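Trainee:
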Amino acid sequence: MVALSLKISIGNVVKTMQFEPSTMIYDACRIIRERVPEAQIGQPNDFGLFLSDEDPKKGIWLEAGKALDYYMLRNGDTLEYRKKQ
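Residue numbers for the sequence shown follow the working numbering, beginning at 102 and rising by one.
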């Protein structure tokens, strides 16, 4: 299976990372925390991946128990690693 190249936004930092489409959201968050120093803040359970929309009032939190391919993400899509509110 081809790796999925996603842009991960953490604050003012954007990193491009490769994931297998079958990667669970929980595991993707763990990988981000391991590889990106800016993500190593706070408690891991307080953070998640957010898929924003062009309309700032829209967007969805990706569920930890689902795989990336569930959300039909494409190469180059940007996900925000941020604190859940």
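Using N, Cα and C, we set each Cβ at its ideal position, and we do this for glycine too.
As the structure is a computational prediction, the values presented were derived from the model and not from experiment.
(1) With DSSP collapsed to three states, give me the class of D140.
(2) Which residue's Cα is closest to the Cα of D154: D170, D178, D147 and S106?
(3) Once you ignore the five residues that flank V115 on each side, which residues in its own chain have a CB closer than 6 Å to its CB?
(4) Please report whether the beta-carbon of S106 lies at a distance below 8 Å from any beta-carbon of chain B.
(5) Confirm, please, whether the CB-CB distance from N176 to S106 is below 8 Å.
(6) Please classify I161 as buried or exposed, where buried requires at least 16 neighbouring CB atoms within 10 angstroms.
(7) Using the beta-carbon count (16 or more within 10 Å), is G149 buried or exposed?
(8) Should I111 be labelled buried (16 or more other beta-carbon atoms within 10 Å of its own) or exposed?
(9) Select from Y127, E121, T117 and D170 the residue whose C-alpha is nearest the C-alpha of D147.
Mentor: Put simply:
(1) Residue 140 sits at position 39 when you count from the first residue of the sequence shown. First, the amino acid is wrong: residue 140 is Ala here, not Asp. DSSP places A140 in helix when its eight states are reduced to three.
(2) Position 53 of the sequence shown, counted from the start, is the residue given in the question as residue 154. It is D178.
(3) Within the sequence shown, the letter at position 14 stands for residue 115. Result list for V115: K108, in chain order.
(4) Looking for chain B here will not work: only one protein chain is present.
(5) Stepping through the sequence shown from its first residue, residue 106 is reached at position 5. Stepping through the sequence shown from its first residue, residue 176 is reached at position 75. Cβ distance < 8 Å, so S106 and N176 count as in contact.
(6) Counted from its first residue, the sequence shown places residue 161 at position 60. Residue environment: I161 is assigned as exposed (fewer than 16 neighbouring CB atoms within 10 Å of its CB, all protein chains considered).
(7) Here residue 149 refers to the residue found at position 48 when the sequence shown is read from its first residue. The residue in question, G149, is buried, as its Cβ has 16 or more Cβ neighbours within 10 Å.
(8) Looking up residue 111 in the sequence shown gives position 10. When all chains shown are included, I111 counts as buried.
(9) By one-based count along the sequence shown, residue 147 stands at place 46. The residue with the shortest Cα to Cα distance from D147 is Y127.
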